[in-house]
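Trainee: Listed in order, the protein sequences are those of chains F, C and S. Throughout, this note's numbering is defined as the position within the first sequence, counted from one, plus 3. Throughout, this note's numbering is defined as the position within the second sequence, counted from one, plus 115. Throughout, this note's numbering is defined as the position within the third sequence, counted from one, plus 163.
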Amino acid sequence: MIPPEFDYHAPTTLSDAIALLDQLGDDAKILAGGHSLLPMMKLRFAEPAHLVDLNLIPQLRGIREEDGLIKIGAMTVENDILDSALLKEKASLLPKAVKWIADPQVRNRGTIGGDIAHGDPANDHPAIAMALDATFVLHGPSGERKVKAVDFFHGTYMTDMAANEIMTEIQFAPLASNTGCAYVKLKRKTGDWATAAAAVVLQMANGKVSMVRIGLTNVADTAIRATKAEELLLGKELNEETLREVVSAVAEACNPAEDLRGDIEYKTAMAGEMTKRALLDAASQIS
Amino acid sequence: MNAPLKDREAALMGMGDSRLRKEDARFIQGKGNYVDDIKLPNMVYMDIVRSPLAHARIKKINKEEALKIPGVLAVLTAEDLKPLKLHWMPTLAGDVAAVLADEKVHFQMQEVAVVLAETRYAAADGKEAVQVEYEELPVVINPFDALKDDAPILREDLIEKMEGAHGKRHHPNDIFTWEAGDAAAADAAFVNAEVVVKEDLLYPRVHPCPLETCGCVASFDPIRGDLTTYITSQAPHVVRTVVSMLSGIPESKVRIISPDIGGGFGNKVGIYPGYVCAIVSSIVLGRPVKWIEDRIENLSSTAFARDYHMTGELAATKDGKIQGLRVNVLADHGAFDACADPSKFPAGMFHICSGSYDIPAAHCTVRGVYTNKAPGGVAYRCSFRVTEAVYLIERMVDVLAQKLNMDKSEIRKKNFIRKDQFPYKSAFGFEYDSGDYLTALDQVLDAVDYKGLRAEQAAKRADPNSKSLMGIGLVTFTEIVGAGPSKICDILGIGMFDSCEIRVDPTGSAIARMGTISQGQGHQTTYAQIIATELGIASDLIKVEEGDTDTAPYGLGTYGSRSTPVAGAAIAMAARKIHAKAKKIAASLLEVSENDLEWEVDRFKVRGNDDKFKTMKDISWAAYHQPPDGLEPGLEAVHYYDPPNFTFPFGIYLAVVDIDRATGETKVRRFYALDDCGTRINPMIIDGQIHGGLTEGFAVAMGQLLSFDAQGNIQGNSLMDYFLPTAVETPHWETDYTVTPSPHHPLGAKGVAESPHVGSIPTFTSAIVDAFAHTGVTHIDMPHTSFRIWKELKKHGLNLN
Amino acid sequence: MSKKLVSMTINGKKVEEAVEPRTLLIHFLRENLNLTGAHIGCETSHCGACTVDIDGKSVKSCTHLAVQCEGADILTVEGLAKNGVLSAVQEGFHQEHGLQCGFCTPGMLVRSYRLLQENPNPTEAEIRAGISGNLCRCTGYQNIVKAVQYAAKKLQETAQA
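(1) Pick out whichever of C:A516, C:E661 and C:S678 has its Cα sitting closest to the Cα of C:R527.
(2) Would you list the residues sitting across from C:P205 in a DSSP beta bridge?
(3) Within the continuous alpha helix (DSSP H) that includes C:T356, where are the two ends?
(4) To be precise: take each residue of the segment 169-198 of chain F, compare its Cβ to all Cβ atoms of chain C, and keep it if any distance is under 9 angstroms. Which residues remain?
(5) Any beta-carbon of chain C closer than 7 angstroms to the one on S:V295?
(6) How far does the beta strand (DSSP E) with C:W848 in it reach, from first residue to last?
(7) Using a Cβ-Cβ cut-off of 7 angstroms, state whether S:K166 counts as contacting chain F.
(8) What is the DSSP secondary structure of C:K865, reduced to helix, strand or coil?
(9) Is it buried or exposed for F:Y160, if we count other Cβ within 10 angstroms and need 16 for buried?
(10) Take C:Q636 as the anchor and find which of C:I606, C:G675, C:I407 and C:P267 has the nearest alpha-carbon.
(11) Apart from the five residues on each side of it in sequence, which residues of its chain come closer than 7 angstroms, Cβ to Cβ, to C:G599?
(12) Can you give me the Cβ contacts of C:T929 inside the same chain, cut-off strictly under 7 angstroms, excluding the 5 residues immediately before and after it?
(13) Measure the beta-carbon distance from C:A237 to C:A181 and round it to whole angstroms, keeping in mind my assumption that it falls under 8 angstroms.
(14) How big is the Cα-Cα spacing for C:M360 and C:K283?
(15) Determine the closest residue to C:G766 out of C:A777, C:Y756, C:L789 and C:Y755, with distance taken between C-alpha atoms.
(16) For a cutoff of 7 angstroms on Cβ pairs, would you count S:V222 as touching chain F?
(17) Look at the Cβ atom of F:T245, then the Cβ atom of F:K239, and state whether they are nearer than 7 angstroms.
(18) Any beta-carbon of chain S closer than 7 angstroms to the one on F:Q26?
(19) Return helix, strand or coil for C:R134, following the three-state DSSP convention.
(20) Please classify F:N242 as buried or exposed, where buried requires at least 16 neighbouring CB atoms within 10 angstroms.
(21) Excluding the 5 residues flanking C:S166 on each side, which residues of the same chain have their C-beta closer than 7 angstroms to its C-beta?
(22) Residues of chain C with CB under 7 angstroms from F:Y11, in chain order?
(23) Using Cβ-Cβ distances below 9 angstroms, what residues of the segment 96-127 of chain F are close to chain S?
(24) Under a three-way DSSP split, which group does F:C184 fall into?
(25) So which residues of chain S does F:P6 contact, with C-beta pairs closer than 7 angstroms?
(26) What are the residues of the segment 371-398 of chain C that lie near chain S, defined by any Cβ-Cβ distance shorter than 9 angstroms?
(27) Residue ranges of each beta strand (DSSP E) run of no fewer than 3 residues wholly in the segment 379-458 of chain C, ordered along the chain?
(28) Would DSSP call F:F175 helix, strand or coil?
(29) Have a look at the DSSP bridge pairing and note the partners of C:N288.
(30) With distance defined between alpha-carbon atoms, name the residue in F:F9, F:L63 and F:H38 nearest to F:T79.
(31) Give a yes or no on whether the minimum CB-CB distance between F:G265 and chain C is below 7 angstroms.
(32) Out of curiosity, what's the CA-to-CA distance linking C:G803 and S:T172?
(33) Going by DSSP in three states, C:E275 sits in which element: helix, strand or coil?
(34) In this structure, what does DSSP give as the bridge partners for C:S822?
(35) Show which residues of chain C have a CB atom less than 7 angstroms away from the CB atom of F:A272.
(36) Going by DSSP, name the residue or residues bridged to S:K167.
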C-alpha cells in the first residue's frame with residue numbers, strides 16, 4: 004500500500020523533462036497519469052528513485068487538427084478524448100473505444116501516452132493506434148523522431164522508446180467520411196483489461212471491403228495488426244464465409260497467455276469473435 | 116394529545132414503518148468512526164511480514180536491516196511470543212492456529228513477523244527489510260491428495276494428537292468426521308428406490324471481502340492496567356472473553372469496542388493474528404498500536420468461505436416423491452481449522468440440507484481436512500454452512516426433476532413440507548418453526564408468468580440459429596438462522612443467547628444497548644422501531660448503542676442472521692418488562708386496578724373512558740418523581756434471551772438468463788426474489804438487505820474464486836481479479852414477500868439479511884444449467900464465468916464459433 | 164527523505180504542509196488533515212472509496228500524490244454540505260436508503276456530485292456507468308441509483324426556482 008521513497012521532479016518544459024531523464028537514467032520513471040505506475044510502486048513491484056512528473060507541461064496536452072493530421076498530445080487524459088468533438092467527428096474510433104477503458108475516475112488521470120508507452124499488451128490504445136495507422140512522436144536529447152505504431156512495440160513492457168525519451172504526440176490521418184470503425188472488448192467486468200479486444204477501421208466500395216485495419220488487444224505479448232486477416236478481406240464481401248476465414252487468420256496471428264480470464268483456446272476464439280463483431284459494427288455504419 | 120389513532124401510530128415510526136435510518140447523518144457527512152479513523156496519542160503502527168511460500172521451514176529471521184530503518188521500534192517473531200505462550204492461539208473450532216509462524220509456515224501469506232514503527236510508512240519500509248530464510252517443503256493443495264497415504268504431513272504439531280476436538284482423526288491431515296441423520300434408514304431408502312440420482316457439486320473457495328479490511332487499535336494503559344481495543348469485530352464480547360483468557364488480564368479490565376464497521380459478512384468474526392500481535396505489542400510497549408491490513412492481505416489470509424466438495428444422492432419414486440437423501444462432503448479448512456461455528460458443530464448447520472422438503476430418511480457426512488491454504492472457513496453472509504446445504508439440496512432437486520423430465524416447480528410442490536405439517540421435524544432433527552412454501556411459490560410463478568417463460572424457452576430451443584440459450588432458474592429455500600439455543604449452541608462454551616438493556620429517562624426518551632453489532636444492517640433504526648411499538652415512545656427518541664463491552668450487556672454478536680431472532684427477542688422481552696412496570700405506575704396514577712387498563716399505541720387508558728389515560732411520557736416522569744408504594748424508582752430492564760429454537764426464514768427465487776453462444780457471457784434478464792422473514796420491522800431496510808445479498812450472491816455464482824497453483828501460490832487475491840461487480844454488471848432486482856410469523860419468537864420475526872445470498876447462488880446455477888438442460892447437462896460448477904460457460908458450450912457443440 | 168512544501172485549497176480552506184513526495188493524497192487527507200471521510204478499501208485503485216474532487220474532476224486519491232496537488236482546489240465529502248445544509252446528493256442517499264455500512268458512501272457521494280455536474284439529467288444506464296469506479300458491497304447499487312435520480316431531480320427543481 005505504501006510506495007518506497009523517491010525524489011520528485013515536476014519540470015514545466017519539455018526540454019527540462021528530457022534533460023532530467025537523460026541525467027537520471029534508469030533511476031527515473033515518468034509519472035504521467037500514474038494509474039499504472041503508482042499501483043506498481045504501492046505493491047513495490049517498481050521502485051524508481053526518481054519520478055519525473057509530466058503533468059505540468061502544457062504543450063503535451065491537447066487535441067488538434069493540423070497539416071492534415073489529427074495530433075493528440077501524449078499527456079491528454081482519456082476523458083478529454085472521450086468528450087472531444089473533433090475526434091467524434093474525424094476519428095470516432097477513439098471516443099468509442101475510450102468508453103471501455105477503466106472507469107470514470109481513472110479516465111480523469113490516465114493518459115493516452117502513458118497507456119501506449121507502458122508497453123503493456125493488455126492496454127487498449129496500442130491496438131487502437133495500429134488501427135488508425137498512427138505515428139508516435141518521441142523527443143529525446145538528440146531531438147525528435149517518429150515511430151509508426153506497428154513498429155513501436157517489441158515485447159511485454161518493451162517499446163522502441165529509450166529511457167531518456169518522452170512521447171509527445173500521437174498523430175494519424177483523420178478518417179475519411181463513410182469510414183466505419185469499432186472497438187469491441189470482451190472483459191469480465193467494467194475496468195478490467197480485455198480478455199480479447201479488436202479495433203477495426205473499415206471502408207467499403209460496392210459492398211466489398213476496400214480498406215481495413217484490424218488491431219488486436221491482449222492476445223499476444225504486444226498489441227498486433229492482424230495483417231493476414233486484413234489481406235484476405237480486401238475486395239471481398241462481409242459474408243459468413245469471409246468472416247470464417249477472418250476468424251481463422253486471427254486465430255493464427257494470436258498467441259495469448261493463459262490467465263484467470265481464460266485459456267489459450269478461449270482467448271483465441273474470442274479474438275476472432277471480437278474481430279467479427281467489430282467488422283460487422285463498422286460495416287453497419289457505412290452507407 | 117388526542118390525535119387520531121392512525122396519526123399517533125405514524126408518529127411512533129415503529130414496527131412495520133419504512134422509516135428513514137437514524138444512523139445516516141454521520142455517514143453521509145464523512146463523520147463515520149471506523150477503526151482506521153481512530154488516532155490515539157503516542158500511537159505506533161504495525162505491519163506484518165508474510166510468507167511467500169505455502170509450506171516451508173523457517174531457517175532464520177534477520178531483523179537487523181529492518182531495525183536500522185528510522186522510525187522502526189521493534190520486530191517480533193514467534194520466539195518473542197513464546198515466553199508469553201502466545202505464539203499459538205485456540206481457534207473457535209477447537210483447533211490451534213499459529214499467531215506468528217513457529218518454525219514453519221503452513222500457507223502463503225501466513226504471518227511470520229510483525230514490525231512496529233512510529234509511522235505507517237516506516238512500518239511498511241521495515242516490513243520489506245526483514246529477511247527470512249526458508250527451506251521449502253512439499254505442498255498439499257488438493258484436499259483429496261491430503262488424505263492419501265503418502266501425503267506430506269502438514270500439522271506436525273498435531274502428530275501425537277489423533278483425538279481432535281470433534282473425535283478421532285484417521286489421518287495426520289484429518290481434522291474431523293462429522294455426521295447427522297440416520298445412515299441405516301437412508302441406505303434402506305436407496306436400496307429399492309425406483310429412481311436414484313447422484314451428482315458431484317463443488318462449492319468453490321471464496322471470500323466475504325467487505326469494503327473495509329480488518330484491523331484494530333490496541334491500547335494498553337500501563338498506569339491503570341486496562342486494555343482497550345478498537346476492533347473490526349462482529350462479536351466484541353467474545354473477543355473480550357478470549358483476550359482476557361489469552362492475556363491473563365481480568366475481563367473487567369478489558370474493553371473491546373467495535374465502532375462503525377464497514378461491512379462484515381462473516382469476515383470479521385474470527386480473531387486474527389494481527390489483533391493478537393497488536394495487543395501484545397501494546398502491552399509490551401505501553402503505547403497504542405494500530406494495525407490495518409491491506410486488501411491483498413485480507414483476501415489471502417483472513418477467513419475464506421465454502422470450499423466444500425459435495426456429493427449428493429436422492430432416492431425417489433418414479434413420480435418424483437423423494438424417499439431418501441445422502442450427502443458426503445470433503446471440507447477443505449486450510450492450514451488451521453478456524454471455522455467460526457457453534458462449538459458442537461464442526462460443519463455448522465449443514466444438516467439443514469433436507470431443505471424445504473418432506474424427506475423421510477436422510478444422512479450426511481462431512482470430513483474436514485488440512486491443506487496448505489489460509490485457515491477458515493467462515494459463514495460468508497449465511498448461517499453456518501447453510502449456503503452449502505441449500506446449494507446441495509436445490510441442485511439435487513433440479514437433477515432429479517431433469518432425470519424424471521418433470522418441471523422444476525412441479526417436483527418442488529410435490530415434495531414441499533405442507534403448511535399444516537409445521538412445526539415440522541426434519542429427518543435431521545431440526546424443528547422448522549413455520550412456513551407456507553406453496554403460497555409463496557404460486558405467487559412467484561404468477562408474477563413472472565412462468566408458463567409464458569417456458570413457452571418462450573421452447574421456441575428458442577427449437578431455433579438452431581438462436582444467438583443465445585435461455586435458462587430459467589428456480590430455488591425454493593429454507594434457511595436456519597438465529598443461533599441459538601444455548602443447550603446446543605455455544606461459542607467457546609458461551610451460550611448463544613443475546614441481550615438487551617433499556618433505560619427510559621424522566622422526560623420519556625430512552626437509551627437501549629444490545630449484545631449485537633451492526634455492520635450496516637441498520638440496528639440503530641430497527642431496534643428503536645421495536646421498542647417504539649412496545650413502549651409507545653417515538654423511535655426518534657430511542658438511542659440505540661452497540662459494540663462497547665464496557666456498557667453493552669453480553670451478547671454473541673451479529674452474524675448468521677441472528678440479530679433479529681435473538682437480540683430482537685431480547686429487546687421485546689426487556690421492553691415488556693418495562694411495559695409491565697409502566698402499567699403498575701399508570702394504574703396507581705389513575706387510581707384504578709391494572710385489570711381496568713388497556714394499552715393503546717402510546718398510552719394506558721381506562722377501559723371505556725377515552726379521557727382517562729396516562730401516556731408513556733407521563734409514566735416516565737412519575738417513575739422518577741414519585742414512584743408508587745412498593746415500586747423502585749426508575750424505569751429500566753434488562754433481558755437475556757435464550758432462544759428456544761432457531762428460526763427458519765424461506766424464499767422463492769426465480770431467474771431468467773440468456774447466455775451468449777459466441778462468448779459464454781450470461782445476461783441476467785430478470786431476477787424475482789420473494790422472501791418470507793416473518794414479521795417485517797422496516798420494509799425499506801429489508802429491501803436494501805435483499806438487494807445487497809442478491810448482489811453478493813451474483814458475485815459468488817458468476818465470478819468469485821480464490822484458486823491456487825500447484826506450488827500453493829494463491830491466485831486472484833486482489834480486486835483486479837476478485838470479482839466485485841460494479842453498478843454496470845449488477846442486475847436489477849425485483850423483490851416480493853409473504854409473511855409467515857415465527858410462532859416461538861416474541862415478535863414473530865425470523866431474520867432476513869442472509870437469505871438473498873444463500874438462495875440466489877443456486878438460482879444462478881439452476882438458470883444456467885437449465886439453459887443447457889436440453890442437451891443432457893445436469894450440473895455446471897461455479898463460478899459461471901464466460902470462459903467456463905464457453906467451454907461448456909464448446910463441449911456440447913453449442914458455441915457459435 | 165526531504166519533504167516538499169505543498170499548498171492547496173481543501174473544501175474552501177487554504178492548507179499548507181510539508182510532505183514526503185511519496186505521501187499519497189488519501190493519507191495526507193486522512194492523517195495530516197484528519198479528514199477521515201474518504202476511505203481506503205484496496206491498494207490496486209479499483210474500489211473508489213477514496214474518491215475526491217480535484218479541480219472539478221473525480222479522482223481516486225489513493226493513486227495521486229499530495230505533492231501533485233500544488234495549487235489544486237479539492238472537495239471532499241466533508242465539504243459537500245454548505246452552512247449545515249446537506250447537498251442534494253446527501254439528501255438523496257438518505258431519502259432513498261442509498262447506504263448501509265457507509266464505507267463506500269463518501270466516495271460515492273463525491274463522485275455522484277461530480278457526475279450530476281457533468282450530466283444533470285442522466286439515464287439509469289448513465290448513472291450506473293458513471294459510478295462504475297465506486298464499489299459497494301452492501302446495497303447492490305439499486306437504491307444508490309435512486310438516490311442519484313432523486314438528487315438530479317432536486318437540483319433541476321432548485322435551478323428552475
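For every residue, glycine included, the Cβ atom is placed at its ideal position computed from N, Cα and C. These numbers were taken from a predicted model, which means no experiment stands behind them.
Mentor: Based on what the coordinates show:
(1) Looking up residue 527 of chain C in the second sequence gives position 412. Minimum Cα distance to C:R527 is reached at C:A516.
(2) Taking the second sequence and counting its residues from 1, one reaches residue 205 of chain C at position 90. Bridge partners of C:P205: C:V211.
(3) Here residue 356 of chain C is taken as the residue at index 241 of the second sequence, counted from 1. C:T356 -> alpha helix (DSSP H) spans P351 to S362.
(4) L189, R191, K192, T193, G194, D195, W196 and T198
(5) Against the third sequence, residue 295 of chain S aligns to sequence position 132. At residue 295 of chain S the sequence reads Ser, which differs from the Val that was named. Cβ-Cβ to chain C under 7 angstroms: yes for S:S295.
(6) The sequence position of residue 848 of chain C within the second sequence is 733, counting from 1. Per DSSP, C:W848 lies in no beta strand (DSSP E) and is assigned neither H nor E.
(7) Counting from 1 along the third sequence, the entry for residue 166 of chain S is found at position 3. False, the Cβ-Cβ gap to chain F never drops below 7 angstroms.
(8) Translated into positions along the second sequence, residue 865 of chain C becomes position 750. Coil, per DSSP.
(9) If you number the first sequence from 1, residue 160 of chain F lands on position 157. The residue in question, F:Y160, is exposed, as its Cβ has fewer than 16 Cβ neighbours within 10 Å.
(10) For the purposes of this step, residue 636 of chain C is taken as residue 521 along the second sequence, with counting starting at 1. The shortest C-alpha separation from C:Q636 is found at C:G675.
(11) By one-based count along the second sequence, residue 599 of chain C stands at place 484. Excluding five sequence positions before and after C:G599, the CB atoms of its chain that fall closer than 7 angstroms to its own CB belong to P457, M611, P758 and F761, given in chain order.
(12) Lying before the first or after the last residue shown, residue 929 of chain C is absent from chain C, which here runs from 116 to 916.
(13) Taking the first residue of the second sequence as position 1, residue 237 of chain C is located at position 122. Taking the first residue of the second sequence as position 1, residue 181 of chain C is located at position 66. With 8 angstroms as the limit, C:A237 and C:A181 do not qualify as a contact, their Cβ atoms being about 10 angstroms apart.
(14) Sequence index remark: in the second sequence, residue 360 of chain C carries index 245 (1-based). Sequence index remark: in the second sequence, residue 283 of chain C carries index 168 (1-based). Spanning the alpha carbons of C:M360 and C:K283 requires a straight line of approximately 27 angstroms.
(15) Here residue 766 of chain C corresponds to residue number 651 of the second sequence, with the count starting at 1. If we check each option's Cα against that of C:G766, C:L789 comes out closest.
(16) As a working note, residue 222 of chain S is residue 59 in the third sequence. Yes, S:V222 counts as interfacial toward chain F.
(17) To locate residue 245 of chain F, count along the first sequence from 1; it is residue 242. To locate residue 239 of chain F, count along the first sequence from 1; it is residue 236. In contact: F:T245 and F:K239 (Cβ atoms closer than 7 angstroms).
(18) Mapped onto the first sequence, residue 26 of chain F falls at position 23. Answer no: the Cβ-Cβ gap between F:Q26 and chain S never drops below 7 angstroms.
(19) Within the second sequence, the letter at position 19 stands for residue 134 of chain C. Residue state, collapsed to three classes: coil.
(20) Walking along the first sequence from the start, residue 242 of chain F turns up at place 239. Counting Cβ neighbours within 10 Å, F:N242 comes out exposed, since fewer than 16 surround it.
(21) Position 51 of the second sequence holds residue 166 of chain C. Same-chain partners within the cutoff: A216, V220, Q223, M224, Q225 and V227.
(22) Numbered from 1 along the first sequence, position 8 holds the residue referred to as residue 11 of chain F. Per Cβ cutoff of 7 angstroms: no residues; F:Y11 is ~15 angstroms from chain C at best.
(23) Answer in chain order: K102, A105, D106, P107, Q108, V109, R110, N111 and R112.
(24) Start at 1 with the first residue of the first sequence, and residue 184 of chain F comes out as number 181. It is a strand residue.
(25) If you number the first sequence from 1, residue 6 of chain F lands on position 3. Simply R185.
(26) D375, I376, G377, G378, G379 and F380
(27) 404-407, 419-431 and 437-447
(28) Counting from one through the first sequence, the residue named residue 175 of chain F turns up at place 172. Looking at F:F175 - three-state DSSP - the assignment turns out to be strand.
(29) Numbered from 1 along the second sequence, position 173 holds the residue referred to as residue 288 of chain C. Its beta-bridge partners do not exist; DSSP assigns none.
(30) Residue mapping note: residue 79 of chain F aligns to position 76 of the first sequence, counting from 1. Ranking F:F9, F:L63 and F:H38 by Cα distance to F:T79 puts F:L63 first.
(31) Reading the first sequence from its first residue, position 262 is the one you call residue 265 of chain F. So, interface residue.
(32) Position 688 of the second sequence, counting from 1, holds the residue named residue 803 of chain C. Position 9 of the third sequence, counting from 1, holds the residue named residue 172 of chain S. When rounded, the separation of the alpha-carbon atoms in C:G803 and S:T172 is 37 angstroms.
(33) As a position in the second sequence, residue 275 of chain C is number 160, starting the count at 1. Coil.
(34) Along the second sequence, one-based indexing puts residue 822 of chain C at 707. Answer is C:Q830, bridged to C:S822.
(35) What you label residue 272 of chain F is simply residue 269 of the first sequence in a count that begins at 1. The contacting residues are N916.
(36) By one-based count along the third sequence, residue 167 of chain S stands at place 4. DSSP output for S:K167 lists S:V182 as bridge partner(s).
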